[in-house]
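A.B. asks: Numbers given in the numbering used here equal positions in the sequence shown, counted from 1, plus 7. Cβ atoms here follow ideal geometry from the backbone N, Cα and C, with glycine treated the same way.
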Amino acid sequence: GLAITHDQYAYTASSTGIGTLIAAQFREGGAQRYRERLADPAEKARMVAEMKDSIAKGKRGDYTYAVIASFKADPKLNGKTIPQAAKILRGADTLDDQIETILDLEARGGASGVFHGMSEPDLQKFLVQPHTMIASDSGVRKFREGVPHPRGYGNNARVLGRYVRELKLLTLEDAVRKMTALPAQTFHLKNRGALKPGYVADLVIFDPATVGDPSTFDDPHHYAAGFSDIIVNGLPVIRAEKLTEAKPGGPVRL
Numbered sequence: 008g009l010a011i012t013h014d015q016y017a018y019t020a021s022s023t024g025i026g027t028l029i030a031a032q033f034r035e036g037g038a039q040r041y042r043e044r045l046a047d048p049a050e051k052a053r054m055v056a057e058m059k060d061s062i063a064k065g066k067r068g069d070y071t072y073a074v075i076a077s078f079k080a081d082p083k084l085n086g087k088t089i090p091q092a093a094k095i096l097r098g099a100d101t102l103d104d105q106i107e108t109i110l111d112l113e114a115r116g117g118a119s120g121v122f123h124g125m126s127e128p129d130l131q132k133f134l135v136q137p138h139t140m141i142a143s144d145s146g147v148r149k150f151r152e153g154v155p156h157p158r159g160y161g162n163n164a165r166v167l168g169r170y171v172r173e174l175k176l177l178t179l180e181d182a183v184r185k186m187t188a189l190p191a192q193t194f195h196l197k198n199r200g201a202l203k204p205g206y207v208a209d210l211v212i213f214d215p216a217t218v219g220d221p222s223t224f225d226d227p228h229h230y231a232a233g234f235s236d237i238i239v240n241g242l243p244v245i246r247a248e249k250l251t252e253a254k255p256g257g258p259v260r261l
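This is how it looks when you write it as structure tokens:
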């Protein structure tokens, strides 16, 4: 049989491009082809109709659940919901104005977004499953740029602080296994993921009593609390919360 695992981050919102609110068929062919479709009244009418149908099927009413994380063409929109952005750009926040705003964001280079819509009970139900790995699903973020999803700063700290220490949903040992040994096993990373003789010394030192995630959706640019030292390939890269300038890391071959 197949070895089935899955990974999860510990927040009830996702993050991807705002353009995903527009059906993929209208974005096929790249940015220029999209703008050509947008300039065609018949094609644009199809886009708008599909977006209204999607909102109705999702029983959401509007796009309040979608927040602009980063829009390089107009950074003042960062952190705004789609209705708020529509109000700024168009003077109104009706559903039609929200749709026009989304179409315009994509035409002007696209924006990344944060999408609220998952439930805490579902999150907890998946988190405790034995084959769940813990991962942030985030890229590297430039400090203080945009209003990105806080998972890029605090995902693992949130698990250790909220779901281990506060809610006692997981034991500390199981949470650490989901972050280390299980991913190493899943992706066949030899000699990694555990404290054993002969294994690569990749270590994170933290205080279980203080570890936590101070970042929020409104104010995400805060480093996780409670971590003091990080060792990569046996060399400290952070010592007593200070960068050492050592760069012992490298690609990991599967």
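1) Run through DSSP, which three-state label would F133 get?
2) Leaving aside the five residues before and after D102 along the sequence, list all residues of the same chain whose C-beta is less than 6 Å from its C-beta, in chain order.
3) Kindly give me the distance between the Cβ atoms of A208 and N240, rounded to whole angstroms, as I take these residues to be in contact under 8 Å.
4) Out of S77, V183, V171 and G116, which has the shortest C-alpha to C-alpha gap to I141?
5) Quick check on G8: does DSSP put it in helix, strand or coil?
6) Look at the alpha carbon of R42 and the alpha carbon of D144, and state the distance between them as a whole number of angstroms.
7) Considering only the alpha carbon of each residue, which of E173, T23 and A231 lies closest to I212?
8) Where Q39 and A80 are concerned, what is the direct C-alpha to C-alpha distance, given to the nearest angstrom?
9) Short of 8 Å in beta carbon distance, which residues of its chain neighbour K51, apart from the five on each side in sequence? Order them along the chain.
10) I need the straight-line Cα distance from E173 to I29, nearest angstrom please.
11) Could you round the C-beta distance between A118 and I75 to whole angstroms and report it? I think they count as a contact, below 8 Å.
12) From G159, E107, T178 and V147, pick the residue whose C-alpha is nearest to that of P137; which is it?
13) Could you check what DSSP says for S119 in three-state terms: helix, strand or coil?
14) When DSSP labels each residue in this structure, what does A20 get in the three-state scheme?
15) What are the boundary residues of the beta strand (DSSP E) that T139 is part of?
16) May I have the straight-line CA-CA distance separating G120 from G205, to the nearest angstrom?
17) What are the start and end residues of the alpha helix (DSSP H) that includes P48?
18) Taking only three categories from DSSP, how would you classify F234?
19) Evaluate S126 with the Cβ neighbour count: other Cβ atoms within 10 Å of its Cβ, from every protein chain shown; 16 or more gives buried, anything less gives exposed.
20) When DSSP labels each residue in this structure, what does F213 get in the three-state scheme?
21) Which same chain residues end up closer than 7 Å to K197 when comparing Cβ atoms and leaving out the 5 residues on each side of it in sequence?
22) With DSSP as the reference, label D220 as helix, strand or coil.
23) Please classify P90: is it buried, with 16 or more other beta-carbons within 10 angstroms of its beta-carbon, or exposed?
C.D. replies: On the basis of the data shown:
1) One-based indexing of the sequence shown puts residue 133 at position 126. When secondary structure is reduced to three states using DSSP, F133 falls in the helix class.
2) By 1-based counting over the sequence shown, the position of residue 102 is 95. First, the amino acid is wrong: residue 102 is Leu here, not Asp. Taken in chain order, the residues that qualify are D69.
3) As a working note, residue 208 is residue 201 in the sequence shown. As a working note, residue 240 is residue 233 in the sequence shown. About 7 Å separates the two Cβ atoms, so the contact holds.
4) For the purposes of this step, residue 141 is identified with residue 134 of the sequence shown, where counting begins at 1. That would be V183, whose Cα lies nearest to the Cα of I141.
5) The residue given as residue 8 occupies position 1 in the sequence shown. Annotated three-state conformation of G8 is coil, per DSSP.
6) Position 35 of the sequence shown holds residue 42. Position 137 of the sequence shown holds residue 144. Cα to Cα, R42 sits roughly 30 Å from D144.
7) By one-based count along the sequence shown, residue 212 stands at place 205. When each option's Cα is compared against that of I212, the closest is A231.
8) Indexing the sequence shown from 1 puts residue 39 at position 32. Indexing the sequence shown from 1 puts residue 80 at position 73. Rounded to whole angstroms, the gap between the alpha carbons of Q39 and A80 is 17 Å.
9) Residue 51 sits at position 44 when you count from the first residue of the sequence shown. Excluding residues within five positions, the ones whose Cβ falls inside 8 Å are R44, L45 and L110.
10) Working through the sequence shown from its first residue, we reach residue 173 at position 166. Working through the sequence shown from its first residue, we reach residue 29 at position 22. Answer to the nearest angstrom: the Cα atoms are 39 Å apart.
11) As a working mapping, residue 118 is identified with position 111 in the sequence shown. As a working mapping, residue 75 is identified with position 68 in the sequence shown. Correct: roughly 5 Å between the Cβ atoms.
12) Looking up residue 137 in the sequence shown gives position 130. Restricting attention to G159, E107, T178 and V147, the CA atom closest to the CA of P137 is found in T178.
13) Reading the sequence shown from its first residue, position 112 is the one you call residue 119. It is a strand residue.
14) As a first step, residue 20 must be located in the sequence shown, where it is residue number 13. The three-state reading of DSSP puts A20 in strand, counting E and B together.
15) In the sequence shown, residue 139 corresponds to position 132, counting from 1. From DSSP, the beta strand (DSSP E) with T139 extends over T139 to I141.
16) Residue 120 sits at position 113 when you count from the first residue of the sequence shown. Residue 205 sits at position 198 when you count from the first residue of the sequence shown. Rounded to whole angstroms, G120 to G205 spans 43 Å at the Cα level.
17) The residue given as residue 48 occupies position 41 in the sequence shown. In the DSSP annotation of this structure, the continuous segment of the alpha helix (DSSP H) that includes P48 starts and ends at P48 to G65.
18) Working through the sequence shown from its first residue, we reach residue 234 at position 227. Correct three-state label for F234: strand.
19) For the purposes of this step, residue 126 is taken as the residue at position 119 of the sequence shown. Classification of S126: exposed, given that the 10 Å Cβ count is below 16.
20) Locating residue 213 in the sequence shown gives position 206, where the first residue counts as 1. Collapsing the DSSP output to three states places F213 in a strand.
21) On the sequence shown, position 190 is the one that residue 197 refers to. There are no such residues.
22) Mapped onto the sequence shown, residue 220 falls at position 213. Here D220 sits in coil by DSSP.
23) For the purposes of this step, residue 90 is taken as residue 83 along the sequence shown, with counting starting at 1. Taking a 10 Å sphere around the C-beta of P90, we find 16 or more other C-beta atoms and assign the residue as buried.
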